[in-house]
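Our numbering numbers the first residue of the sequence shown as 4 and each following residue consecutively.
We treat Cβ as the ideally placed atom computed from N, Cα and C, and that holds for glycine.
Small disclaimer: the values here were computed from a predicted structure and weren't measured.
Taking it in order: structure first as structure tokens, then the write-up.
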Amino acid sequence: MPSDVDRKALWVVRELGLPAIVRGCPSCRTQRHHPTGKVRVNASGKLLDVWLLIGCDHCGRTSKVPVHERIHVSALDHDRLVRFENNDPAIVRELATDVSLARRTPYLLDWAGTWALDTDLPFYDLESPDATALEVVVRLELPAPIRVVKLLMAGFHLSRSAVRRLVLADRIQLPVSPDARIHTDFTFLVHPL
């Protein structure tokens, strides 16, 4: 980053929970499910089926999301198989946030209410004549597809139009469009008046 940056800040997108899995329940026809925290592994000879178990938010019915179907036991990493069999919370989290699994199965992920933004900034007035150049590092604890403009609104306590105005004026320099959905860490610059 340029040497004219006077201050650095860290913003962390903190995980509040896993996304809802949106697909029809066979019992009550509502749409929202959440992981039960369990993975089922079924063996038929040397072939395995692996499912993520989800529960309906309305009626509680348990359903299965296929992770692997009829995979040969030698094709699955042994450590990963053990993690499936032990209902490892990290593997459940990985499966519950896996966008490619959602596309393949198919269902949608609803990320509403799954994150909050923590900043180490005291109030930073972008319009102040005393404002200094600022480098902001954004770290994500979960791969939620968050619009950059929403992060900026939350981090600076500004309206959408105020954020857009600052981006257009090059006061906020982003590596992506403000309308882009980010999934990974990134850094941006804020320039004084």
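Item                                                                                                                        : Value
Of the listed residues Val44, Gly58, Val85, nearest to Ile74 (C-alpha basis)                                                : Val44
Segment contact flag, the region 152-170 with the region 112-122, C-beta cutoff 8 Å, min 3 pairs                            : yes
In DSSP terms, what Asn45 is bridged to                                                                                     : Asp52
Beta-ladder partner(s) of Gly58, from DSSP                                                                                  : His37, Thr65
Candidates His37, Asn89, Arg26, Val141, of which the one nearest Val53 by Cα                                                : Asn89
Pair within 9 Å by beta-carbon distance, Phe87 and Val15                                                                    : no
Beta-carbon contacts of Cys31 that lie in its chain and below 8 Å, excluding the five residues immediately before and after : Cys59, His61, Cys62, Arg64
Contacting residues, own chain, Cβ-Cβ under 6 Å from Ser66 (five flanking each side not counted)                            : Ile57
DSSP three-state assignment for Glu18, whether helix, strand or coil                                                        : strand
Exposure of Asp188, with buried meaning 16 or more beta-carbon neighbours within 10 Å                                       : exposed
For Ala93, the nearest candidate out of Ala12, Pro195, His194, Leu21 (CA to CA)                                             : Leu21
Assumed close pair Thr108, Val68 - CB separation to whole angstroms, cut-off 8 Å                                            : 6 Å
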